[in-house]
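Colleague:
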Amino acid sequence: MPTELRDAEESWDVLATRDLYRTDWLMALRADQVRRPGADEEEPFERLVFEHPGAVVVLAVDDAERVHCLRQYRHPARGRFVELPAGLRDAGDEDPLETAKRELREEVELEAGEWRRLMDLYPSAGITDERQVCYLARDLRSVSRGDFAPEHEEADMERLLVAVDELIEAVLDGRVSQSPIAACVLAYAVLRQRGDL
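The sequence shown lines up with residues 14 to 210 when you count with the numbering used here.
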C-alpha cells in the first residue's frame with residue numbers, strides 16, 4: 014500500500030550543539046552534531062542550522078487580476094528583486110494572518126476583506142528552519158500605513174501593479190526569481206485554472 018504523499022515531522026538525535034553566531038536579533042547560526050536513528054555505530058555528522066523566526070508572504074490580487082508587488086534591494090544576493098509584500102514573524106506569538114495583515118498595510122498601504130491561506134513553504138530546509146506562511150488577499154482597499162516608517166532597504170522600495178498573467182510569464186521566463194513570488198503566483202494560476210478561486 015503506498016504511503017501518503019506528505020511531509021512528516023521527524024527529529025534525529027542532536028548529540029551536541031554550538032553557537033557559531035548569536036546576537037539579540039532574531040536569527041542565529043549554530044552547528045549541530047547529528048546521528049541517524051539506529052546508527053549508533055556511525056560517527057555523528059555536523060549540520061549547520063540558520064535559526065529563523067519564519068515569515069509571511071501576501072499575494073494581493075485586485076479585481077482586475079493585478080498583483081501588488083514591490084521591487085526591493087537585497088544585499089545578500091546583490092540585486093533588486095520583484096517581490097510580494099512579506100515580513101518576518103518577529104512579533105512574538107502573533108498569529109501569522111495578523112502578521113500578514115500588518116505587512117500588507119505597512120508595505121503597500123492596503124487591507125483585504127478576503128484572506129485565504131495558500132501554502133506553507135520551507136525555502137531551504139537543508140540549512141534553515143524558516144517557514145514561510147503564504148496568503149492570498151482579495152477585496153482590497155487603500156489604507157494608511159499608520160505609524161510605520163520605512164527605513165533602510167524598505168525606504169527605497171518601489172511599488173508595482175502587475176497583471177497576474179504577466180507575472181506568471183516573468184516567473185516562467187526567469188525574469189522574476191524569488192521563490193515566494195514564484196510559488197504563490199503559480200499556485201494562484203493552478204487554483205484559477207481549477208476554478209477554486
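The beta-carbon is built from N, C-alpha and C at its ideal position, and this holds for glycine as well.
What are the uninterrupted segments assigned as beta strand (DSSP E) that are 3 or more residues long and contained completely in the stretch 65 to 98, given in chain order?
Modeller: Segments of the beta strand (DSSP E) lying fully in the stretch 65 to 98: 68 to 73, 79 to 87, 92 to 96.
Colleague: Got a sec, what are the start and stop residues for the alpha helix (DSSP H) Val177 sits in?
Modeller: It spans 177 to 185 - the alpha helix (DSSP H) in which Val177 sits, taken as one unbroken run.
Colleague: Consult DSSP for Arg31 and reduce its assignment to one of helix, strand or coil.
Modeller: In this structure, Arg31 counts as strand in the three-state DSSP scheme.
Colleague: Kindly indicate the opening and closing residues of the beta strand (DSSP E) around Gln191.
Modeller: No beta strand (DSSP E) holds Gln191; DSSP gives it neither H nor E.
Colleague: Out of Val175, Leu199, Lys114, Arg130, which one is the CA nearest neighbour of Val156?
Modeller: That would be Lys114, whose Cα lies nearest to the Cα of Val156.
Colleague: Whole angstroms are fine: how far does the CA of Glu59 sit from the CA of Gln46?
Modeller: Distance between the alpha carbons of Gln46 and Glu59: 5 angstroms.
Colleague: Does the stretch 119 to 136 come close enough to the stretch 87 to 94 to have 3 or more Cβ pairs within less than 8 angstroms?
Modeller: The answer is no - the stretch 87 to 94 does not touch the stretch 119 to 136, with fewer than three Cβ pairs under 8 angstroms.
Colleague: Could you check where the beta strand (DSSP E) with Val156 kicks off and where it finishes?
Modeller: Segment: none, Val156 is in no beta strand (DSSP E) and carries neither H nor E.
Colleague: Straight-line CA distance for Ala196 to Met132?
Modeller: Ala196 and Met132: Cα-Cα distance of roughly 9 angstroms.
Colleague: Cα separation between Phe94 and Arg172?
Modeller: If you take the alpha carbons of Phe94 and Arg172, they lie about 12 angstroms apart.
Colleague: Counting pairs of Cβ atoms below 8 angstroms between the stretch 76 to 87 and the stretch 50 to 59, do you hit three or more?
Modeller: They do not touch, by the three-pair rule.
Colleague: Under 7 angstroms between the Cβ atoms of Arg43 and Val62?
Modeller: Yes, these two residues count as a Cβ contact at 7 angstroms.
Colleague: Buried or exposed: Arg102, going by 16 or more other Cβ atoms within 10 Å of its Cβ?
Modeller: Buried, since its Cβ has 16 or more Cβ neighbours within 10 Å.
Colleague: Taking the C-alpha atoms as reference points, what is the distance between Arg35 and Pro66?
Modeller: Distance between the alpha carbons of Arg35 and Pro66: 14 angstroms.
Colleague: Quick one: grab the DSSP three-state call for Asp26.
Modeller: Asp26 falls in the strand class under three-state DSSP.
Colleague: Quick one: residues in its chain with C-beta nearer than 6 angstroms to the C-beta of Ala112, no 5 flanking neighbours on either side, listed in chain order?
Modeller: As written in the sequence, residue 112 is Thr, which differs from the Ala given in the question. Result list for Thr112: Val69, Arg102, in chain order.
Colleague: Extract the residue ranges of the alpha helix (DSSP H) inside the stretch 108 to 135, only unbroken runs of 4 or more that lie entirely within it.
Modeller: Complete alpha helix (DSSP H) runs here, min 4: 109 to 121.
Colleague: Which of the three DSSP states, helix, strand or coil, is assigned to Glu164?
Modeller: Glu164: coil per DSSP, three-state reduction.
Colleague: So, with DSSP's three-state summary, where would you put Leu42?
Modeller: Leu42: strand per DSSP, three-state reduction.
Colleague: To the nearest angstrom, how far is the alpha carbon of Leu28 from that of Leu210?
Modeller: If you take the alpha carbons of Leu28 and Leu210, they lie about 47 angstroms apart.
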